[in-house]
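K.L.:
Quick note on the numbering used here: the sequence shown kicks off at 12 and runs consecutively. Every residue, glycine too, gets a C-beta built ideally from N, C-alpha and C.
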Amino acid sequence: MTEMTPRAKNLALLLLAMTQFVIVIDASIVNIALPSIGRALSFSQTDLSWVVNAYTLTFGGFLLLGGRLADLMGRRRMFMVGLIVFALASLAGGLAQSEAWLIAARAVQGLGGAIVSPAALSIITTTFAEGSERNRALGVWGAVAGAGGAAGVLLGGVLTSGLSWRWVLFVNVPIGILCAFLAPRVLLESRAEVKTRSFDLPGAITVTAGLSLLVYALVDAVNVGWGSTATLAKIAAALLLIALFVAIEVRQRAPLMPLSIFRLRTLRGADTVALLIGMSLFSMFFFVSLYMQQVLHYSALKAGLSYLPLAVGIILSAGAASVAVTRLGFKPVLLTGLLFVAAGLFWFSRVPATGGSFAADVLGPSLLAAVGLGLSFVPVTIAAVTGTRPHEAGLASGLVNTAQQVGGALGLAILATVANSRTKDLMHSGAHDLAVALTKGFERAFLVGTGFALIGALLTIVLISSRDSRSHSQSAREGQPAAASSPAA
Numbered sequence: 012m013t014e015m016t017p018r019a020k021n022l023a024l025l026l027l028a029m030t031q032f033v034i035v036i037d038a039s040i041v042n043i044a045l046p047s048i049g050r051a052l053s054f055s056q057t058d059l060s061w062v063v064n065a066y067t068l069t070f071g072g073f074l075l076l077g078g079r080l081a082d083l084m085g086r087r088r089m090f091m092v093g094l095i096v097f098a099l100a101s102l103a104g105g106l107a108q109s110e111a112w113l114i115a116a117r118a119v120q121g122l123g124g125a126i127v128s129p130a131a132l133s134i135i136t137t138t139f140a141e142g143s144e145r146n147r148a149l150g151v152w153g154a155v156a157g158a159g160g161a162a163g164v165l166l167g168g169v170l171t172s173g174l175s176w177r178w179v180l181f182v183n184v185p186i187g188i189l190c191a192f193l194a195p196r197v198l199l200e201s202r203a204e205v206k207t208r209s210f211d212l213p214g215a216i217t218v219t220a221g222l223s224l225l226v227y228a229l230v231d232a233v234n235v236g237w238g239s240t241a242t243l244a245k246i247a248a249a250l251l252l253i254a255l256f257v258a259i260e261v262r263q264r265a266p267l268m269p270l271s272i273f274r275l276r277t278l279r280g281a282d283t284v285a286l287l288i289g290m291s292l293f294s295m296f297f298f299v300s301l302y303m304q305q306v307l308h309y310s311a312l313k314a315g316l317s318y319l320p321l322a323v324g325i326i327l328s329a330g331a332a333s334v335a336v337t338r339l340g341f342k343p344v345l346l347t348g349l350l351f352v353a354a355g356l357f358w359f360s361r362v363p364a365t366g367g368s369f370a371a372d373v374l375g376p377s378l379l380a381a382v383g384l385g386l387s388f389v390p391v392t393i394a395a396v397t398g399t400r401p402h403e404a405g406l407a408s409g410l411v412n413t414a415q416q417v418g419g420a421l422g423l424a425i426l427a428t429v430a431n432s433r434t435k436d437l438m439h440s441g442a443h444d445l446a447v448a449l450t451k452g453f454e455r456a457f458l459v460g461t462g463f464a465l466i467g468a469l470l471t472i473v474l475i476s477s478r479d480s481r482s483h484s485q486s487a488r489e490g491q492p493a494a495a496s497s498p499a500a
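1. Residue range of the alpha helix (DSSP H) that E454 falls in?
2. Using a Cβ-Cβ cutoff of less than 7 Å, which residues in the same chain neighbour A494 once the five nearest sequence positions on both sides are dropped?
3. For my contact list, R87 and E200 are in at a C-beta cut-off of 8 Å; report their separation, rounded to the angstrom.
4. In whole angstroms, what is the alpha-carbon distance linking G78 and F351?
5. Given V96, which residues of its chain have a CB within under 7 Å of its CB, disregarding the five upstream and five downstream residues?
6. So which of F369, T428, L106 has the shortest CA-CA distance to R302?
7. Apply the 10 Å Cβ neighbour rule to P390 and answer buried if 16 or more other Cβ atoms are within range, or exposed otherwise.
8. By Cβ distance, which residues of its chain are closer than 8 Å to L74, with the 5 residues on each side in sequence left out?
9. What is the DSSP secondary structure of H439, counted as helix, strand or coil?
10. Helix, strand or coil for T16? Go by DSSP, reduced to three states.
11. Classify T347 as buried or exposed, calling it buried when 16 or more other Cβ atoms lie within 10 Å of its own Cβ.
12. Just the C-alpha distance for L45 and G167, rounded to the nearest angstrom, thanks.
13. Would DSSP call M268 helix, strand or coil?
14. So what's V362 in DSSP terms, helix, strand or just coil?
15. Report the option in A38, R145, V362 whose CA atom is closest to the CA atom of K373.
16. Between M89 and the rest of its own chain, which residues show a CB-CB distance below 6 Å, the 5 nearest in sequence each way excluded?
17. Reducing DSSP to helix, strand and coil, say where R400 ends up.
18. Might you give, ordered along the chain, the residues of its own chain that have their beta carbon closer than 6 Å to the beta carbon of L52, omitting 5 neighbours on each side?
19. Is L470 closer than 8 Å to G159 when the C-beta atoms are compared?
20. Note the first and the last residue of the continuous alpha helix (DSSP H) segment covering Y66.
21. Identify which residue in G104, S133, N42 has its Cα closest to the Cα of L312.
22. Following the continuous alpha helix (DSSP H) through W237, name the residue where it begins and the one where it ends.
23. For L349, collect the residues of the same chain with a Cβ closer than 7 Å to its Cβ; drop the 5 residues on either side in sequence, then sort them by chain order.
24. In this structure, does DSSP put G187 in helix, strand or coil?
25. Classify T365 as buried or exposed, calling it buried when 16 or more other Cβ atoms lie within 10 Å of its own Cβ.
26. Are the beta-carbon atoms of L426 and S300 separated by less than 8 Å?
27. Give every residue of the same chain whose Cβ lies closer than 7 Å to the Cβ of V184, excluding the five residues on either side of it in the sequence, and list them in chain order.
28. How long is the line joining the alpha carbons of L307 and T450, rounded to whole angstroms?
29. With a Cβ-Cβ cutoff of 8 Å, do L356 and T461 count as a contact?
Right, here's the structure in full:
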């Protein structure tokens, strides 16, 4: 691949970061707009959740396939294809006149995002040399990915209050078209150098169906119950499909996901920790939004603006994380980040039902969690791609993104069930009013989320190689690529 000048690399990073920002905010931008969407299109309360779930379902289900397609068919090409799909689906969603129309558009949006996101991350890993240069680029990436969730809520509140709920979708169209137009002018094409480019169709079908069904089972468990026959059957079928996928990959000459990638201990550990990060953090935005609107009675605009300190904190801490990883290694930075996350979530578990305020009860834990998120996203991404070969870039990117998305769906399903169960018990007892019961439910959910973060910290110590972390840090300072340790190291 042709060597790019520093200026060209910075332009490429700007384009990739802008695209990732749009993809990430779309997971949360509609949350604030849901009441307006429900009134405009006559959604039932249960069906309204699928405006969010449809995006999560296809995004999480197709990430692994999207990453491998980028490796095999060209990373820039798939980046552009995904952008066009995403922009057209956003336009269709903004024009929606019915429930089914909007939900279908959101599902196609998620598909576009699942193609764009791993392609963009793999372009970063193949454009920027492993070491301090890549750490800086992934620091920008981590800042954008982490701040996107908070910015989505903020932007959703502004657009819904100032214009219309339709603009939370329309806003993607010009950005997507602009990025697709600039891509061939800013990005270099690259693809995996493999002996055969035959496509593993059985593997693609089984892994995509398995992951999609797993995410569907998790997001729908809140509605039908964890112990219901429907939930258990869907989870069992999903696990069966994933097991079948593994069996297919073992026998394929040109597998969609070469299992040899799991030779890297740090990659395995980073993907596991990424799952826990998703479980602990993604639901935070959901419950904090509900607390501000249902207990503190904030408007959509005020609730959205309240996320501004969180977004700024994530951006600043992610920038600091990229420097710290070069100096200290990714393992201690990731461990520190997860402890900050745990502290922030534990503080959130003490929010009051009455007399609460943003300054006293939301700002402090938000900033702690923001620092933790920035210090977690950057090193876990660096760890997940460290030591991978160039032809594995898209696959490694798809794996860590999939882990975070599945973790987010799993965490939200568990924590929403915990919160709802606690709230219902208190309401049935008749001893508490609605605000108190809701808050007690949120508190319980935040406490369980704290546990997920602490488990993530423990697994960071146990699963991620200290040797890889030190080697990466030393090589980054010396300007050389790091070599991954053996699986047992």
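P.N.:
Considering the structure as presented:
1. Annotation for E454: the continuous alpha helix (DSSP H) segment containing it runs 445-474.
2. The predicted model places A494 with a pLDDT of 49, which falls under 50 and marks its position as unreliable, so this point remains unresolved.
3. R87 to E200, Cβ: 4 Å. Contact.
4. 31 Å
5. V119, L122, G123, I126
6. Correcting the residue type first, residue 302 is Tyr in the shown sequence and not Arg. Closest option to Y302, Cα to Cα, is F369.
7. buried
8. A125, S128, P129, L222, G409, N412, T413, Q416
9. helix
10. coil
11. buried
12. 10 Å
13. coil
14. In the structure shown, V362 adopts coil according to DSSP, grouped into three states.
15. The amino acid occupying residue 373 in the given sequence is Val; Lys does not appear at that position. Ranking A38, R145, V362 by Cα distance to V373 puts V362 first.
16. L80, A81, I126, A130
17. coil
18. E110
19. No, these two residues do not count as a Cβ contact at 8 Å.
20. 61-84
21. Per the Cα distances, N42.
22. Following the DSSP letters along the chain, one finds W237 in no alpha helix (DSSP H), marked with neither H nor E.
23. In the same chain as L349, and ignoring 5 residues on each side of it, the C-beta atoms closer than 7 Å to its own belong to G383, S387, A464, G467, A468, T471, in chain order.
24. When secondary structure is reduced to three states using DSSP, G187 falls in the helix class.
25. exposed
26. No, the pair does not count as a contact, with Cβ atoms beyond the cut-off.
27. A98, S101, L102
28. 10 Å
29. yes
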